[in-house]
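Asker: Sharing a structure here in structure tokens format.
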Amino acid sequence: MTAQNETWIAGQARNDKTHVIAGLTRNPLPPVLRAVTQRLLPWLVPLALLTLWQLASSSGWLSTRVLPAPSEVARAAWQLAQSGELWTHVRVSAGRAFLGLAVGGGLGLLLGLLTGSVRTAETLLDSTFQMLRNIPALALIPLVILWFGIDETAKLFLISVSVFFPIYLNTFHGIRNVDPALIEMGRTYGLTRWQLYRQVILPGALSSILVGLRFSLGLMWVILIVAETISAQAGIGYLTMNAREFLQTDVVLVGILLYAVLGKLADLLARALEHGWLRWHPGYQGGAR
Amino acid sequence: MSAHSQTSGARLSLRGLGKAFGARKVLRDTQLQAEPGEFIAVVGRSGCGKSTLLRLVAGLDQPTAGSLQIDGAPAAGLREDTRIMFQEARLLPWQRVRANVTLGLPHEQAARADDVLAQVGLADRGGEWPARLSGGQRQRVALARALVHQPRLLLLDEPLGALDALTRIEMHRLIESLWQRHRFTALLVTHDVQEAVALADRVILIEDGRIALDERVDLPRPRVHDAAFAALERRILDQVLRSGAQHPTPEPAWPLPAAHALRWAI
Chain A
1 MTAQNETWIA GQARNDKTHV IAGLTRNPLP PVLRAVTQRL LPWLVPLALL
51 TLWQLASSSG WLSTRVLPAP SEVARAAWQL AQSGELWTHV RVSAGRAFLG
101 LAVGGGLGLL LGLLTGSVRT AETLLDSTFQ MLRNIPALAL IPLVILWFGI
151 DETAKLFLIS VSVFFPIYLN TFHGIRNVDP ALIEMGRTYG LTRWQLYRQV
201 ILPGALSSIL VGLRFSLGLM WVILIVAETI SAQAGIGYLT MNAREFLQTD
251 VVLVGILLYA VLGKLADLLA RALEHGWLRW HPGYQGGAR
Chain B
1001 MSAHSQTSGA RLSLRGLGKA FGARKVLRDT QLQAEPGEFI AVVGRSGCGK
1051 STLLRLVAGL DQPTAGSLQI DGAPAAGLRE DTRIMFQEAR LLPWQRVRAN
1101 VTLGLPHEQA ARADDVLAQV GLADRGGEWP ARLSGGQRQR VALARALVHQ
1151 PRLLLLDEPL GALDALTRIE MHRLIESLWQ RHRFTALLVT HDVQEAVALA
1201 DRVILIEDGR IALDERVDLP RPRVHDAAFA ALERRILDQV LRSGAQHPTP
1251 EPAWPLPAAH ALRWAI
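Protein chains in written order, with my numbering: chain A, 1 to 289; chain B, 1001 to 1266.
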């Protein structure tokens, strides 16, 4: 009975997504309690750090100029949310980011599909893109300011340029990497060109395209932060730079945390897309992690 | 063409068929006549030209000499009435089993899929992803996908090569029963002489790019592994082994579409 129970636990643990080292599976704790412990354990260190930080701040050992107490940061966030200021800035920033993604990513997708599928287009365009992609988007800042000044267009341009390449390259690569055996099969089964594209080539390239999207999402926030920090009349960057002027370190921290939350949300979005579109893929059947 | 001939097998005739890559002749002067509904197995060592023969008949490649006729009319390129079953199942992993079976099928005929899936014993797996199936089940789906088009000529390119022995025997029975039911002409390429003798009306041995043996198998179906079976298998196998004295030249890697060098970026 006990032995049976133990093997069952071990089997459970192996199925569990949280990795359990072999030694722990012999733990005599009941499964439910063990599962709870497994879930809580990763939070122990962050909570301890937070407590330590709070104590250090409230005892005056850590200057609020350097790092305000977590409670202060929470209060600042609350006040900003109450006044509605927070949402305005988040909306502006997220709007910029996703508009840039739509423009740059959309172009990257289209051109990637084109160069991946049409030999002439590849010969004509690909080497140009391969050269251009080596220019870091941030190196363009002086030029962009000269061209567009420091208003919205400049930010949009920077974000578009930086998200273009990951999506372009991965789309191109994805199309080229579609299993030729499947393409041949599709041809022998009488698929028209469009059906072949729609049913074989595009789905085959999709996992690669989504990898490109995730790269782009990561870059998108980095470029957004830099662009907003240089100059902005609204947005999270404006919020933090303004707060810096008035030494409101707590608001600066709120801004930093907001970027982190937005980045995480974008990543969750990409995972959700993978989960939905790559349902067939054994590697994604575990669901959004 | 009458309605009858659409459901029965095609008459296949190869006249002096040859294929060369540059100066190297992979297949030369091949004469072969297959009656409607006949089951022909092509055996030979790897690199003997048997896959080339199949690809020429499929219309995936063009011969450099001779001609190919179906029902007395010259044939070139891919044809509606011919379907291939490949060595790997080549199912689309992003489509469920049923959608894989109806691939390339007009919408109004999609209802046939369930029927065909039932015939290969997978009636209840239509909603499954291919990744969840075993190797044998995937080949059954591939067989269903070929049969749903009601081909008059079915080409089998070592479709059972990667399966285990028990699954192979199961598949032999399945293919035989479906062939008897649908009466298509079948051309099976295999390196397994036993498989050839178990399934075919005629076994053709290709050696060094030409037909070296054309043996009729007059054993009653379903075939059992008795003395006559073993004797025939022995005879063909001996011939195959004798041809091994010459060093086989590998067939060229087939130019698959889009299989060009990748530029690894990132």
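We treat Cβ as the ideally placed atom computed from N, Cα and C, and that holds for glycine.
If you're wondering where the values come from, they're calculated on a predicted model, not measured in any experiment.
Checking 7 Å against the spacing of the C-beta atoms, do T1190/B and E1233/B come in under that value?
Answerer: Residue 1190/B sits at position 190 when you count from the first residue of the second sequence. Residue 1233/B sits at position 233 when you count from the first residue of the second sequence. Contact flag unset, no.
Asker: For the alpha helix (DSSP H) containing F172/A, name the first residue and the last one.
Answerer: Residue numbering aside, residue 172/A sits at position 172 when the first sequence is read from its first letter. Start and end: 152-176.
Asker: Could you tell me whether the Cβ atoms of V1203/B and I1169/B are closer together than 7 Å?
Answerer: Looking up residue 1203/B in the second sequence gives position 203. Looking up residue 1169/B in the second sequence gives position 169. Against a cut-off of 7 Å, the Cβ pair of I1169/B and V1203/B comes out as no contact.
Asker: Does R1140/B get closer than 7 Å to chain A when you measure Cβ to Cβ?
Answerer: Here residue 1140/B refers to the residue found at position 140 of the second sequence. No - not a single Cβ of chain A is within 7 Å of the one on R1140/B.
Asker: When the Cα atoms are used, what is the spatial distance from S1008/B to K1025/B?
Answerer: Translated into the one-based positions of the second sequence, residue 1008/B becomes position 8. Translated into the one-based positions of the second sequence, residue 1025/B becomes position 25. Between S1008/B and K1025/B, the C-alpha separation is close to 34 Å.
Asker: Is the separation between the beta-carbon of L1014/B and that of R1083/B shorter than 7 Å?
Answerer: Numbered from its first residue, the second sequence carries residue 1014/B at position 14. Numbered from its first residue, the second sequence carries residue 1083/B at position 83. No. Outside cutoff.
Asker: Between the stretch 206-224 of chain A and the stretch 238-253 of chain A, do three or more beta carbon pairs fall short of 8 Å?
Answerer: The answer is no - the stretch 238-253 of chain A does not touch the stretch 206-224 of chain A, with fewer than three Cβ pairs under 8 Å.
Asker: In angstroms with no decimal places, state the Cα-to-Cα distance between S1134/B and I1070/B.
Answerer: Within the second sequence, the letter at position 134 stands for residue 1134/B. Within the second sequence, the letter at position 70 stands for residue 1070/B. Spanning the two alpha carbons is a distance of roughly 36 Å.
Asker: Do we get a CB-CB distance below 7 Å when we pair I1070/B with the residues of chain A?
Answerer: What you label residue 1070/B is simply residue 70 of the second sequence in a count that begins at 1. By this cut-off, I1070/B is not an interface position.
Asker: Given R1112/B, which residues of its chain have a CB within under 7 Å of its CB, disregarding the five upstream and five downstream residues?
Answerer: By 1-based counting over the second sequence, the position of residue 1112/B is 112. Taken in chain order, the residues that qualify are V1148.
Asker: Which term fits K1019/B, buried or exposed, when burial requires 16 or more other beta carbons within 10 angstroms of its beta carbon?
Answerer: What you label residue 1019/B is simply residue 19 of the second sequence in a count that begins at 1. The residue in question, K1019/B, is buried, as its Cβ has 16 or more Cβ neighbours within 10 Å.
Asker: Check whether the stretch 29-45 of chain A and the stretch 210-226 of chain A touch, using three or more Cβ-Cβ pairs below 8 Å as the test.
Answerer: Contact fails: fewer than three Cβ-Cβ distances are below 8 Å.
Asker: Looking only at DSSP bridge pairs, what is P1074/B linked to?
Answerer: Here residue 1074/B corresponds to residue number 74 of the second sequence, with the count starting at 1. According to DSSP, which records beta bridges pairwise, P1074/B is partnered with Q1069/B.
Asker: By how many angstroms is the C-alpha of G1059/B removed from the C-alpha of G190/A?
Answerer: Counted from its first residue, the first sequence places residue 190/A at position 190. Counted from its first residue, the second sequence places residue 1059/B at position 59. Computed Cα separation, rounded: 12 Å.
Asker: Within 7 Å of any Cβ in chain B, is that where the Cβ of A272/A sits?
Answerer: Here residue 272/A refers to the residue found at position 272 when the first sequence is read from its first residue. Cβ-Cβ to chain B under 7 Å: no for A272/A.
Asker: Under 7 Å Cβ to Cβ from T120/A, same chain only, skipping five residues before and after it: list those, please.
Answerer: For the purposes of this step, residue 120/A is taken as residue 120 along the first sequence, with counting starting at 1. None.
Asker: For A1200/B and L1091/B, what's the separation of their Cα atoms in angstroms?
Answerer: Residue numbering aside, residue 1200/B sits at position 200 when the second sequence is read from its first letter. Residue numbering aside, residue 1091/B sits at position 91 when the second sequence is read from its first letter. Distance between the alpha carbons of A1200/B and L1091/B is about 26 Å.
Asker: I1204/B lies in the beta strand (DSSP E); which residues open and close that run?
Answerer: Position 204 of the second sequence, counting from 1, holds the residue named residue 1204/B. Looking at the DSSP string, the run of the beta strand (DSSP E) that includes I1204/B is 1202-1207.
Asker: Taking just the CA atoms, how far does A102/A sit from L1205/B?
Answerer: Here residue 1205/B refers to the residue found at position 205 of the second sequence. Here residue 102/A refers to the residue found at position 102 of the first sequence. Using only the alpha carbons, I get a separation of about 60 Å.
Asker: How is A1186/B classed by DSSP in three states: helix, strand or coil?
Answerer: To locate residue 1186/B, count along the second sequence from 1; it is residue 186. It is a strand residue.
Asker: With burial defined as no fewer than 16 other Cβ atoms inside 10 Å of the residue's Cβ, what is the status of G1121/B: buried or exposed?
Answerer: Taking the first residue of the second sequence as position 1, residue 1121/B is located at position 121. G1121/B should be labelled exposed.
Asker: Nearest CA to the CA of L111/A: which residue from D126/A, L80/A, P142/A?
Answerer: Locating residue 111/A in the first sequence gives position 111, where the first residue counts as 1. Among D126/A, L80/A, P142/A, the Cα nearest to that of L111/A belongs to D126/A.
Asker: By Cβ distance below 8 Å, which residues in the same chain neighbour A1146/B in space, the five residues on each side in sequence not counted?
Answerer: Residue mapping note: residue 1146/B aligns to position 146 of the second sequence, counting from 1. Counting only Cβ-Cβ distances below 8 Å, and skipping sequence neighbours, we find R1083, I1084, M1085, L1154.
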